[in-house]
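Novice:
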Amino acid sequence: MREALAGLTVRGRAFIAAGVTAIVCAIVLGQPALTRVGVLVLALPLVTAAFIGRSRYRLALVRTVTPQLVSAGQPSRVNLSLTNEGRTPSGVLLLEDHVPYVLGTRPRFVLEGIGHGWRRHVTYQVRSDVRGKFDIGPMSVRVSDPFGLVELGRAFRTTVPLVVTPRTVPLPNIPLGGAWTGSGDNRPRAFAIGSAEDVTVREYRRGDDLRRVHWRSSARMGELMVRREEQPWQSRATLFLDNRTRSHRGQGIASSLEAAVSAAASIAVHLSHRGFTVRLVTATGEDATSAWHFRNADLNTGPLLEALAVVQALSSVSIDTGWLTEHGHGGLTVAVLGAIEPVDVPVLRRMQHHTGSALAIALDVDAWVSPTGGNGGGTPVLAQQGWRAVTLQPRDRLDVVWQELGRSHTQSSRNRGPDAPRRDEVAL
87 MREALAGLTV
97 RGRAFIAAGV
107 TAIVCAIVLG
117 QPALTRVGVL
127 VLALPLVTAA
137 FIGRSRYRLA
147 LVRTVTPQLV
157 SAGQPSRVNL
167 SLTNEGRTPS
177 GVLLLEDHVP
187 YVLGTRPRFV
197 LEGIGHGWRR
207 HVTYQVRSDV
217 RGKFDIGPMS
227 VRVSDPFGLV
237 ELGRAFRTTV
247 PLVVTPRTVP
257 LPNIPLGGAW
267 TGSGDNRPRA
277 FAIGSAEDVT
287 VREYRRGDDL
297 RRVHWRSSAR
307 MGELMVRREE
317 QPWQSRATLF
327 LDNRTRSHRG
337 QGIASSLEAA
347 VSAAASIAVH
357 LSHRGFTVRL
367 VTATGEDATS
377 AWHFRNADLN
387 TGPLLEALAV
397 VQALSSVSID
407 TGWLTEHGHG
417 GLTVAVLGAI
427 EPVDVPVLRR
437 MQHHTGSALA
447 IALDVDAWVS
457 PTGGNGGGTP
467 VLAQQGWRAV
477 TLQPRDRLDV
487 VWQELGRSHT
497 QSSRNRGPDA
507 PRRDEVAL
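Just so you know, the sequence shown maps onto residues 87 to 514 in our numbering.
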């Protein structure tokens, strides 16, 4: 009852004030008829509050978001299914679903005539130009009587996540250097004479399919062993994103960091759809959500895009290079870099030495804050360290820059001459 009295609306409080005033005037003026009117006006909101306060509503809500993984700028649909599972009919329901500000205004609905077994479906759209992971909900419900005298609030606790991934653009096919690596051996080798177990099994490595474990050899050796001849050959690519605050300029969605994240997402999708198994590495090291063993393009890009959706600028000064010490990693490395400082040069040199082919897109970050343009980025420094690199500016199209990266590889191949040593190439 106390909650119901606290839920009196302005109209309900006005009725109580009018009823009390009428009763006082009736006593002072000696008008019994006015007393009956005052009692009726006073009793109406009190009786309504007592009825609503004793009512117990059993409302069930099912919320679905389709799709739950959406690119920035694309809409997603939220479906609400509300059911009255109690026996008490309710009055007017005022529904408000809580959504983050970047997804739009909070949707509000008014529902009437809710009896036992009542069901209603409501749909609305959300859209965000900002990447990130957002929670939709909880929903607040305000129950009102037909006269609008009392309004009680209820709230559901459930929320549904929505992941807004960075914008991506299709990239053209370019020649990418690098050896084929993967969960199998890096190159064919002849089997020596001996037992089959000695020749066709090797130690387990991170990313190997557990279905390939040879349990008899594992028991004999005391460690996990996998069948070598059944291991699939697969090309691996490491996508490095420099997300340090000191390496970027600008604020919000117009910053160079957002451009770098969008470029990294486009490259990840492109490589995955071309058969590469891609892992994401940031300034803090390898992202645990992306693993080498994904082979399906959709399964591989999903965790990568989700990880890129929540990438934040870091205040760290140095780049974590722990992932470079892991055995068996190599193949192709594609880096999306911001400003390059002298302290970063040894790290970039080490990254280049640990890969079969090193490609880089260097953002001219000063151009994001200077209307007269930047200093051209760190492409010359990267070239000195053996990287194939191109510069990306705010007005450049990523697909054109990516095509330029392929032309730079073709030109460097010509400059080496016919007798120069060459790496294996895969046209993507």
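All residues carry an ideal CB built from backbone N, CA and C; glycine is no exception. Note that the coordinates shown come from a computational prediction; the quantities given were computed from them, not determined experimentally.
Alpha carbon to alpha carbon, how far is residue 204 from residue 447? Give it in angstroms, no decimals.
Specialist: Cα to Cα, the separation comes out at about 58 Å.
Novice: Output needed for residue 106: all residues of its chain with C-beta closer than 8 Å, excluding positions within five of it in sequence on either side, in chain order.
Specialist: Cβ within range, chain order: 124 and 128.
Novice: So who's on the other strand from residue 484, going by DSSP bridges?
Specialist: Answer is none; residue 484 lacks a bridge partner.
Novice: Taking the continuous beta strand (DSSP E) assigned at residue 222, which residues delimit it?
Specialist: Taken as a continuous stretch (DSSP letters only), the beta strand (DSSP E) holding residue 222 covers 218 to 222.
Novice: Does the beta-carbon distance from residue 435 to residue 410 come in below 8 Å?
Specialist: In this structure, residue 410 does not lie closer than 8 Å to residue 435 by Cβ.
Novice: Can you tell me the Cα-Cα spacing of residue 296 and residue 417, whole angstroms?
Specialist: When rounded, the distance between both Cα atoms is 23 Å.
Novice: If we ignore side chains and look at the alpha-carbon of each, how far apart do residue 301 and residue 362 end up?
Specialist: Cα to Cα, residue 301 sits roughly 29 Å from residue 362.
Novice: Residues in its own chain within less than 7 Å of residue 368 by CB, not counting five upstream and five downstream?
Specialist: The residues are 327, 329 and 397.
Novice: With burial defined as no fewer than 16 other Cβ atoms inside 10 Å of the residue's Cβ, what is the status of residue 196: buried or exposed?
Specialist: That one is exposed.
Novice: Do three or more CB pairs link the region 180 to 190 to the region 210 to 225 at distances below 8 Å?
Specialist: Verdict: yes, contact present.
Novice: Under a Cβ-count criterion, where at least 16 other Cβ atoms within 10 Å of its own Cβ denotes burial, should residue 273 be classed as buried or exposed?
Specialist: Any reading at residue 273 is ruled out, since the residue's pLDDT is 41, under 50, leaving its predicted position unreliable.
Novice: Which runs of the beta strand (DSSP E), 3 residues or longer, sit entirely within the region 283 to 371?
Specialist: As far as the region 283 to 371 is concerned, its whole beta strand (DSSP E) runs of at least 3 residues are 287 to 289, 311 to 313, 322 to 327 and 363 to 368.
Novice: Whole angstroms are fine: how far does the CA of residue 438 sit from the CA of residue 303?
Specialist: If you take the alpha carbons of residue 303 and residue 438, they lie about 37 Å apart.
Novice: Can you check which of these residues, 229, 405 and 454, is closest to residue 170 by C-alpha distance?
Specialist: Minimum Cα distance to residue 170 is reached at 229.
Novice: With three or more beta-carbon pairs closer than 8 Å as the criterion, would you say the region 110 to 119 touches the region 238 to 252?
Specialist: With a cut-off of 8 Å, the region 238 to 252 and the region 110 to 119 do not count as touching, because too few Cβ pairs lie within range.
Novice: For residue 335, tell me which candidate among 117, 372, 307 and 400 has the shortest Cα-Cα distance.
Specialist: The option with the nearest alpha carbon to residue 335 is 400.
Novice: In whole angstroms, what separates the C-alpha of residue 224 from that of residue 241?
Specialist: Computed Cα separation, rounded: 7 Å.
Novice: Rounded to whole angstroms, what's the CA-CA distance from residue 421 to residue 464? Just pull it up for me.
Specialist: Cα-Cα distance, rounded: 12 Å.
Novice: Would residue 103 be called buried (16 or more neighbouring beta carbons within 10 Å of its own) or exposed?
Specialist: Counting Cβ neighbours within 10 Å, residue 103 comes out exposed, since fewer than 16 surround it.
Novice: Could you compute how far the alpha carbon of residue 265 sits from the alpha carbon of residue 360?
Specialist: Any reading at residue 265 must be qualified, since the residue scores a pLDDT of 44, below 50, and its modelled position is unreliable; no value is offered.
Novice: I need the straight-line Cα distance from residue 120 to residue 191, nearest angstrom please.
Specialist: Distance between the alpha carbons of residue 120 and residue 191 is about 48 Å.
Novice: Among the candidates 325, 100, 209 and 260, whose CA atom is the shortest distance from the CA of residue 234?
Specialist: Checked all of 325, 100, 209 and 260; the closest Cα to residue 234 is 100.
Novice: To which residues of the same chain is residue 33 closer than 7 Å at the C-beta, ignoring the five residues directly before and after it?
Specialist: The question about residue 33 has no answer here: the residues shown for the chain are numbered 87 through 514.
Novice: Can you list, in chain order, the residues of its chain whose CB lies under 6 Å from that of residue 198, leaving out five sequence neighbours each side?
Specialist: 178, listed in sequence order.
Novice: In three-state DSSP terms, what is residue 195?
Specialist: It is a strand residue.
Novice: Span of the beta strand (DSSP E) holding residue 479?
Specialist: Residue 479 -> no beta strand (DSSP E), and no H or E assigned at all.
Novice: Could you compute how far the alpha carbon of residue 442 sits from the alpha carbon of residue 473?
Specialist: If you take the alpha carbons of residue 442 and residue 473, they lie about 11 Å apart.
Novice: According to DSSP, what are the bridge partners of residue 206?
Specialist: Answer by DSSP bridge pairing, in chain order: 168.
Novice: Can you find a heavy atom of the ligand SAM that lies under 7 Å from the Cβ of residue 257?
Specialist: With respect to the ligand SAM, the structure offers nothing, as it holds no ligand at all.
Novice: Sorted by chain position, which residues of the same chain lie with C-beta nearer than 8 Å to residue 309's C-beta, five sequence neighbours on each side aside?
Specialist: Cβ within range, chain order: 289 and 290.
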